[in-house]
Each structure stands twice: as structure tokens, then as C-alpha cells.
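Line by line, the protein sequences give chains A and B. With the first letter of the first sequence counted as 1, position 71 gets the number 71 in the working numbering; the numbers rise by one all the way through. With the first letter of the second sequence counted as 1, position 187 gets the number 187 in the working numbering; the numbers rise by one all the way through. Every residue gets a Cβ at the ideal spot worked out from N, C-alpha and C, and that includes glycine.
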Amino acid sequence: MGICKVHCFRRSWLASGGLARWCAILIISTLTAAAESTKQDVFFGGFAFCGKAGDVEKNFPIASSLNKPTDDGTPYLGKVARDFFQKNKDRFTQMNLQFGVARREDTSLVLALALTDEKVLREEFSIFHKLVIQLGFEMLILNFKDQEVVCSQPIYIELIDAGDESFSDSAVGDRIKNMISGGDSQLFASILAKADRIQPRSKNQSTLQIRQVTIGEKALPFLPEKLRQTPNAYAQTVAQQFGSLLSSRAGVALLPFAKDGLNTKMALVFSDASTVQFKIPAATFAVDVDVKGFKKVLNKSTDAEALWIYGAFLGIRVYEPDFNVGFFDAPVKYGVSKVIPSTQKTVDEFPIVSEALKGAFLSAIDEMQKDKKTSEKVLKKCTL
Amino acid sequence: MHTIIRSLLFVVLACTLTAQAEMVKVKGKGEIVYKSNIFKQGQGSDEERAAITEAKKNALTRYTADFDSARFELFKKIEPDVLANIDQYVPDYTQIDSQVDKSSKRYTVVIEASINTTMIENAINKSSGANAPVAAGAAPAKAGGNYMTFVFVARELASRKDYDAKRTTVEINESSQAGAQKNKIAEDAQSAETSVDKTSVVKQTTGGNTETKAEELGYRVMTVTEVDNAVNSVLTKANYEVVDPVDAGLNVDSFKADFSSGSDISPATRTAAIKNCKDKEIMYIAIANMDVGLSEKDEATGLTRVYVTVTAKVSDLAPKFPKTVASIAGKPYAGLGSNAQVARQNALNEAATRSASELVDQLRMKGVK
């Protein structure tokens, strides 16, 4: 009788779909565990300067001067980066971020924070001194086994300041220190904003690279003297800025911008002074950015003030580089207005055209996303 | 339940196999002329599949274009089989673009193909292995395989004696005088005046020769365990029966002594080595000298770079007179490192592995197994 009851119960339990529910729970928990386990182990590799070891002090004079050994012997930038990533480990949801010494059999993937660009522009106007600090970083996932860059997330931060007196190197150093590691660190805020998208790209994922940036003649008069003399340095900033916006807006897997276009190597000098050279693999798709120029037009003028429109003019081309298959090729323009009181004798135009350029970048990215061909054939394939 | 377990095992197995295979991404372009009047993309038609196949073949061609000549010749042997089974060698692809030209009825597709390079390597190894058919005109493989021994010595400049140029100068001086005497007699014939105009010419001829005596170079010669291991590994993987030179009875010190002052081994060393090998039925001997250059700074990375130049020769000892079956003439390989010692070691390892691979490719091309 008892046995019969058990059988009956089992039959009715089966009939009521209990087994099916259990199976569903089991499958879901298995899939969740599988998803968790499919997250790749990535070891934190530290802070690095991009470029030749001998050029670190020349290319990053202020940042490298900050990188002095701390109490435990770790260089300053390496320590603050490590502390930040350790503290916010869980925010990097797309990978298992590991710390410590990686064994050969653990993983070949390493996450590194690299400083790629340091620009300090000091200008003197009639009544004030101006300071612009532009820092470019790359969050790089590197494959140490193949010595190859897997993917990168460009990060661009900027600080504009003004004062009655000129800015000394130590004053600039303090500001850079704050931008990187202060209480309101711009750098770490930017990294956290992208943390859930930083991940190793899958084997079949396509990549996008900003291949060429050209600065037109008509852009030069609006640039500070230092950048006017070295348009290539400005091109690096433009690539960094556009890449940072593109990765944020479109969530695509990027490869680092190579300054000379054809260079497929990227050397990183880590905080412990070790230098490792990585290969930048051939990108599936390329983007050329042509900053054609800036223009200002007087819109309205009264005795008290004048309304000027500053425009940025761009050309954006998205293509497949091996067979030169074009996907997107369009001019983009964007204007910002600026009211200038008639009493103001000097106008600092660089921040205004920079704002117009940023607007043009966002418009271009928007156009790229709206364009069905580019969206379907390029962006979707590169989305992380 | 069994089905689920089977499926899971299959997935695990597939993942394991995928993890072992090395994939390289290469782009390819395929084009076909379609016959039907209407061509619709994305239907998975035979014509679309044919275009994809063409694109895969194009990607493979682009990949093999980087092979050196010996490797390319080996690939040529297996190419028909690879092309016939292209889906196995190119198991995966991403379609980048496709276009239809209605006027010429052409359908073009661009893909990024994942090429299974491990499978291609295996196919090359198999085709040139013990059971492979022998190429026309090549020596047939002997049963049980043939033994091979090798001596790879590294050397770096220890001393350099430069001689001053010897200059011999010959100087010939010639001088001559030419002149005219004028006599002038006065009208009264009582007095006369004589004047002489003289021109002297001095001719100097210089010549001679400069004799420059060739510099005398002295090398520090060594055998490197890592180099031996690297060469051994390449030869063993290629199924050659490798014999340690000491076991083969070779006097490695005499090779070192010969390479310490010149770029070739002496007849005595060579004769003794050949005799020893023949006595022990070792059919092939590979001899290489690796010149380690001076360290220099690599401009791209700031690291130290060292070049190693390899000159190597493999001799077949089976015929009455040994004949060269593979050779490398002065090929440079670079190594980078944080200091000169690390760079030198990296360059030697790179040179050993790559030169041994190149020799193996040349041997396989000639059907030497």
C-alpha cells in the first residue's frame, strides 16, 4: 500500500511538471555557472608608458616625474593603478580580474593601463594665464603568449585651468596627479564608466582601428602655437578623443591608433622598467579621420556683445583596408555659438573649436550608427 | 539524459580541439558569375556558397604568400588536397561585405577567414613524412629512417687585427730648357748686344700603389645548449632520427677550432667527421656556424638588439662523394632583450629554430627523409 502511494505521488509529481521545473532550474543554474566560468581570467599587468624606454621622460615629462617609488618600493602610478583595480575588481564584470604573479599555465591575457599621450599647453593672454592638460590612456588587453594586443579602450581626459600667474611644473604636476589619482580622479571615473565593457574580444569578433588622422591647413590657425608646430601630436589627441567617444557610444572593439599609420608595433614600458613590445594585429575595419578645418562666422553683433558661430568640419571614412571596400564616407560639420562681450579684448578660441570638434565627432558617430550599411556590416560585427 | 551528456561531452571535446588548433585570420575575396537572371543575396544559394568557397581559397593563397620558397614548394604538394577540403582548413569565417553587379552578373564577397594553420602544418608534415609518396627524381626513403647528426656552433668576435695600408710612391722628375738667342748689332757695327730668352719646363710624374692587408679576425667559439635543444626539437618533430654529435663520434672541439679563425671547416675535420658518420651509418650531417653580431639599440623599442647570421649546410653522406642537400647562406636573425646577454640568447634561439626549420623544409622538398 505504501509503495503504491509513493508511485502515485511520483506519477502525480511528474504529471504536475515538477520534474520539468527542477530541470529548468538545473539548466538555468548550469548555464549561469557556465557563463560565469566562460569569463576569461585576465591578470592585472600594471601601469605602463607607451613608447621607447629612452623616450619616457621626453614624451611624458610630468607623469614620469610623478612615478617615484612609494614606501613599499612600487612606483607611484603603478601603485595607485593597482589599488584602484583591486578595489573595483568586481566592476569589471566581463572578466575574472586576477592579481598576483601569473603562472605560465594560468592565462596569457593581461590587462594594462597605458599612458599614450601627455600634452601640457601653457598660454599667456593679456590678463590671465591659461593651462590645458590633455592625457590619453589605453586600457589594453594584451596576449603575452603571442605578444599581441587583443583589444583596447581609449580614454581621454582633459583639464583647462586659468590663473593670474603662469603655471609652474610643480603646479602642473599637482593637477595631473589629481586627474589621475585624486579624490575626483577623472581617469578612474572614465575607467569605471567603461568597466563593464572592458573584456577580451572573442575569436570571431571583428576589430576597428583609427588608421589615419589628417589635420587640414584651415584647422591650424585655431590651434595653440605648440600644436600648430607639431600637427602630428594634435593628430594623436584627435585619434584618442574620437576613439574614446566611438568605443563609449558604439561599444566596439578597437585596436590602438599607431602614430605613423604603418607601424604595427606598440612598445610598453611598465612601472618596473621592463619594456615589452606588442604586435598590433591587422584590423578588420579602419577609420580615417580628416579634420578639414575650423571656421568662425559672426552671427549677430550689438554694442555690448557679439555672437560668433564656430564650426568644425570633418571627413570620416570607414572602410575595409585590404580590399579597400568602403562603407561610410561622409563630411560632418558641427557648430557651437559663443557670445563675446565687446569689452573682452582677447578670445581663447581653442576650447571653443575643441567643443565644436567633439560635437562633430558625436554627429559622425551618430551618422555611422544610423547608416544601415555601416551599422550592420561594421559596428555590429565589432560590438563587444 | 544520455543525449545531454553526449552533447556536453561533444562541446567539451570541440572546445578542447579548438583550443589546440592555431587559427590565423586572413581576409579573402571571392567572385562568381551567376547564371540566373535574378540573384538574391542571403538565400544561401549554391552561387553564394561558391563565392564563399572562392573567398576562402583566396584567403589561403594570401596566407601562403608569406611562406619562404622551400615551404611554399612543400605546400604546393598538398595544395590540391587542401583546396578540395577547404572547409576543413578554413572552418570559420566572418562575411565583411558582398556586392552584386547586375550589369556583369557578378557576385563578390569579402570575408575574414580563420585558417587552421596547425592542420596545414600537419598536412605538410604528413606529405613529406615517412609514408609520403616521393617526389619525382628524389631519393626514396629508406626503411627505418636515416640518422642525422648536427654541429651548430656559435661564435662572436674576440679580436680583430687591422693592418695599416702600405703605400708605395714612385716619383719621376723631368726638366727641360728651351730658349732662343738674339743678337743685335749696332748700325755702326761697333757694338753688339746679345740676349737669350729661356723657358724651363719641370715635369713631375707621381704614381705607386697602396697595399691593404685583410684584417685578421679571431672568434670566441662556443656550443650553446639552448641552440642544440632548439635544433634537436625541430628535427625530431620533423621525424628525423637525430644523433648527438658526441654519440656520433664527432670531435666538436675541432669544429670549434676551425670556426675560431675561418668560415669553413678544415679538410681534416671534414674527412674525419664523414668517416665517423659513415662508420656509424649516419646518413646526414648538418654543420652550421652562427655569427653573433655586436649589440645595438633598437630604435622602435629602446631595447637591445643582437643579430645572429647563420651559414649552414646539410650533406648527404650516402653517395660515394658527399653532396650538399640543403644550405643557408648568411641569413640574419634578430633578437631583442632588456640587455645584451638576453638579446643574444633570444637571437641565438630564434636563429637556431628558424634556420633548422628552413633546412627541414629544403630537405623535405628534395624528398630527404
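Item                                                                                                                                  : Value
Expected contact under 8 Å - CB spacing of isoleucine 120/B and tyrosine 93/B to nearest Å                                            : About 16 Å; that fails the 8 Å criterion.
Threonine 264/A at chain B interface by Cβ criterion, 8 Å                                                                             : no
Contact set between the segment 329 to 350 of chain B and chain A, restricted to residues whose Cβ is under 9 Å from the partner      : Leu336, Ser338
Rounded C-alpha distance that separates isoleucine 3/A from phenylalanine 43/A                                                        : Any reading at isoleucine 3/A must be qualified, since the residue scores a pLDDT of 42, below 50, and its modelled position is unreliable; the value itself is stated next. Rounded to the nearest angstrom, the two C-alpha atoms are 57 Å apart.
Contact with chain A by isoleucine 96/B, beta-carbon distance below 8 Å                                                               : yes
Proximity winner among Ala282/A, Gly45/A, Lys370/A, relative to leucine 250/A (alpha-carbon distances)                                : Residue 250/A is actually alanine in this sequence, not leucine. Out of Ala282/A, Gly45/A, Lys370/A, Lys370/A has the C-alpha closest to the C-alpha of alanine 250/A.
Proximity test, Cβ basis, 8 Å: lysine 203/A and chain B                                                                               : yes
Identity of the residues DSSP links to proline 154/A by a beta bridge                                                                 : Glu138/A
Residues, ordered as in the chain, of the segment 108 to 123 of chain B that lie near chain A by beta-carbon distance below 8 Å       : Val110, Glu112, Ser114
Inter-residue spacing [alpha-carbon to alpha-carbon] between alanine 138/B and valine 368/B                                           : Note that alanine 138/B scores a pLDDT of 43, beneath 50, so its modelled location is shaky; the value from the coordinates is reported in the next line. Straight-line Cα distance between these residues: approximately 8 Å.
7 Å CB neighbourhood of threonine 353/B in its chain, flanking five on each side removed                                              : Ala230, Val234
Collapsed DSSP secondary structure at serine 98/B in the structure displayed                                                          : strand
In chain order, each beta strand (DSSP E) run of at least 3 residues that lies wholly inside the segment 288 to 333 of chain A        : 305 to 320
Spatially closest choice to valine 332/A from Leu384/A, Lys292/A, Lys296/A, by CA coordinates                                         : Lys292/A
Whole-number beta carbon distance between glutamine 95/B and threonine 108/B, since they are thought to touch under 8 Å               : 11 Å between Cβ atoms; not a contact.
Separation of isoleucine 215/A from aspartate 227/A, as counted between CA atoms                                                      : Looking at the sequence shown, residue 227/A is not aspartate but leucine. Approximately 11 Å, taken between the alpha carbons.
Every unbroken beta strand (DSSP E) inside the segment 281 to 323 of chain B [3 residues or more]                                     : 282 to 292, 304 to 316
Extent of the continuous alpha helix (DSSP H) to which aspartate 71/A belongs                                                         : No alpha helix (DSSP H) contains aspartate 71/A, which DSSP labels as neither H nor E.
Leucine 303/B at chain A interface by Cβ criterion, 8 Å                                                                               : yes
7 Å CB neighbourhood of asparagine 183/B in its chain, flanking five on each side removed                                             : Ala192, Thr194
For serine 357/B, the first and last residue of its enclosing alpha helix (DSSP H)                                                    : 340 to 365
Beta-carbon contacts of glutamine 362/B that lie in its chain and below 7 Å, excluding the five residues immediately before and after : Ala70, Ala326
CB contact below 8 Å: threonine 353/B versus chain A                                                                                  : no
Assigned exposure category for tyrosine 163/B - 16 Cβ within 10 Å defines buried                                                      : exposed
N-terminal and C-terminal residue of the beta strand (DSSP E) that methionine 23/B is part of                                         : 23 to 33
Residue range of the alpha helix (DSSP H) that includes threonine 118/B                                                               : 117 to 127
Among Gln229/A, Phe270/A, Leu254/A, nearest to alanine 239/A - alpha-carbon criterion                                                 : Leu254/A
Cβ pair lysine 126/B, isoleucine 86/B closer than 8 Å                                                                                 : no
Simplified DSSP assignment, three categories, for methionine 95/A                                                                     : coil
Beta-bridge partners of isoleucine 210/A, as assigned by DSSP                                                                         : Val287/A
Length of the line joining the Cα atoms of phenylalanine 321/B and leucine 208/A                                                      : 59 Å
Own chain residues within Cβ distance below 8 Å of alanine 55/B, not counting five before or after                                    : Gly28, Lys29, Gly30, Tyr93, Val109, Val110, Ile111, Ala113
Backbone CA spacing between phenylalanine 150/B and methionine 222/B [nearest angstrom]                                               : 14 Å
For phenylalanine 350/A and leucine 223/A, the rounded distance between their alpha carbons                                           : 6 Å
Reference lysine 297/B; option with closest CA among Gly335/B, Glu48/B, Ala312/B, Glu22/B                                             : Gly335/B
Under 8 Å between C-beta atoms of leucine 142/A and valine 132/A                                                                      : no
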